[in-house]
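Participant:
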Ligand code: PXP
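Residue numbers (my numbering): 140 to 382.
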């Protein structure tokens, strides 16, 4: 399976981080989402964290109303988040691990060890026609666990890849490529994300089975210097060049 058009999901969480620093309504993540869509994003990703440190419930309400491209809701496997997802029925939901004290989503979900906890979340989201994905490490045991859970999509955590260099990065890239091939062979659509930048996106975008990348922090940081339209377009271009 080769996914020809590699989709770009733009994560707008950190527009909300800047807004919340002053507690008002500027800059507005919905405006950023609309601009990202105009610049070529295929979807918008937002993580409603338990502590609401960036995206708020009101943002999810307004994104659900305003967006003309698919919304991918990143959520922890909790009853509260499941209720919110079932109320809004976004196009997609990505289940992520969440620890209150972490700076960002630091590792993948333990889909293998967490099977019994995760199974009802996957089932209920699927029953509501929400495309469920599990954010996992590029590890065959995790892909097999996702398969047992009936998840149609997995997103591989590229954080380790992004932070390593040289031979270690090459090894991690091979793990991601192998895990993507294993997922696709088993009928699971592989995605990837976390820590991707102009400099490191190419080799990930070149993995033929990967159908979607979710990218946020770098795009928003770069937007400070060049504007969001330019940063999204440049990322899109680099993804297409690698394909
Ligand atoms: N994918 C998932 C599941 C994430 O949790 C995040 C970070 O919220 C991203 C992608 C985007 O990562 P980054 O902001 O580093 O591009």
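For each residue, glycine too, the CB sits at the ideal point set by N, CA and C.
Applying the 10 Å Cβ sphere with the 16-neighbour rule, what's the burial state of residue 252?
Facilitator: The residue labelled residue 252 in the question sits at position 113 within the chain shown. Residue 252 is exposed by the Cβ-count criterion.
Participant: For a test of the three-state rule: what should DSSP assign to residue 234, helix, strand or coil?
Facilitator: Reading the chain shown from its first residue, position 95 is the one you call residue 234. Of the three classes helix, strand and coil, the one that applies to residue 234 here is strand, per DSSP.
Participant: Which residues in the same chain as residue 200 place their Cβ atom closer than 8 Å to its Cβ, once the five residues preceding and following it in sequence are excluded?
Facilitator: For the purposes of this step, residue 200 is taken as the residue at position 61 of the chain shown. Excluding positions up to five away in sequence, the list reads 227.
Participant: Report yes or no: do the region 327 to 336 and the region 286 to 299 share at least 3 C-beta pairs separated by less than 8 Å?
Facilitator: Counting Cβ pairs under 8 Å, three or more are found: they touch.
Participant: Determine the contact status of residue 205 and residue 169, defining contact as a CB-CB distance below 9 Å.
Facilitator: What you label residue 205 is simply residue 66 of the chain shown in a count that begins at 1. What you label residue 169 is simply residue 30 of the chain shown in a count that begins at 1. In this structure, residue 169 lies closer than 9 Å to residue 205 by Cβ.
Participant: Which residues count as close to the ligand PXP when the rule is a CB under 6 Å from any of its heavy atoms, in chain order?
Facilitator: Residues with a Cβ closer than 6 Å to any heavy atom of the ligand PXP, in chain order: 150, 152, 186, 213, 233, 235, 243, 244, 274, 294, 332, 333, 334, 335, 353, 354, 355, 356, 357.
Participant: Please return the same chain residues whose Cβ sits closer than 6 Å to the Cβ of residue 231, not counting the five positions on each side in sequence.
Facilitator: Within the chain shown, numbered from 1, the residue matching residue 231 stands at position 92. Answer for residue 231: 211, 270, listed in chain order.
Participant: How many whole angstroms separate the CB atoms of residue 145 and residue 352, which I take to be in contact at a CB cut-off of 8 Å?
Facilitator: Along the chain shown, one-based indexing puts residue 145 at 6. Along the chain shown, one-based indexing puts residue 352 at 213. 7 Å between Cβ atoms; contact.
Participant: So for residue 213, helix, strand or coil by DSSP?
Facilitator: Here the question's residue 213 lines up with position 74 in the chain shown. Residue 213: strand per DSSP, three-state reduction.
Participant: What is the rounded straight-line gap between the Cα of residue 365 and the Cα of residue 262?
Facilitator: Along the chain shown, one-based indexing puts residue 365 at 226. Along the chain shown, one-based indexing puts residue 262 at 123. Taking the straight line from one Cα to the other gives about 42 Å.
Participant: Of the choices 371, 327, 328, 382, whose alpha-carbon is the least far from that of residue 345?
Facilitator: To locate residue 345, count along the chain shown from 1; it is residue 206. Residue 382 is the option with its Cα nearest to residue 345.
Participant: Suppose the cutoff is 7 Å on Cβ atoms and the five residues either side in sequence are ignored; what does the same chain contact list for residue 157 look like?
Facilitator: Here residue 157 refers to the residue found at position 18 when the chain shown is read from its first residue. Excluding sequence neighbours, residue 157 sits near 166.
Participant: Over what stretch of residues does the beta strand (DSSP E) that includes residue 185 continue unbroken?
Facilitator: As a working mapping, residue 185 is identified with position 46 in the chain shown. Run containing residue 185: 182 to 186, per the beta strand (DSSP E) assignment.
Participant: Between which two residues does the beta strand (DSSP E) containing residue 332 stretch?
Facilitator: Taking the chain shown and counting its residues from 1, one reaches residue 332 at position 193. Residue 332 -> beta strand (DSSP E) spans 328 to 332.
Participant: Starting from residue 264, follow the alpha helix (DSSP H) in both directions and report where the run begins and ends.
Facilitator: Walking along the chain shown from the start, residue 264 turns up at place 125. First-last of the alpha helix (DSSP H) with residue 264: 254 to 266.
Participant: Is residue 272 near residue 233, with beta carbons less than 9 Å apart?
Facilitator: By one-based count along the chain shown, residue 272 stands at place 133. By one-based count along the chain shown, residue 233 stands at place 94. In this structure, residue 233 lies closer than 9 Å to residue 272 by Cβ.
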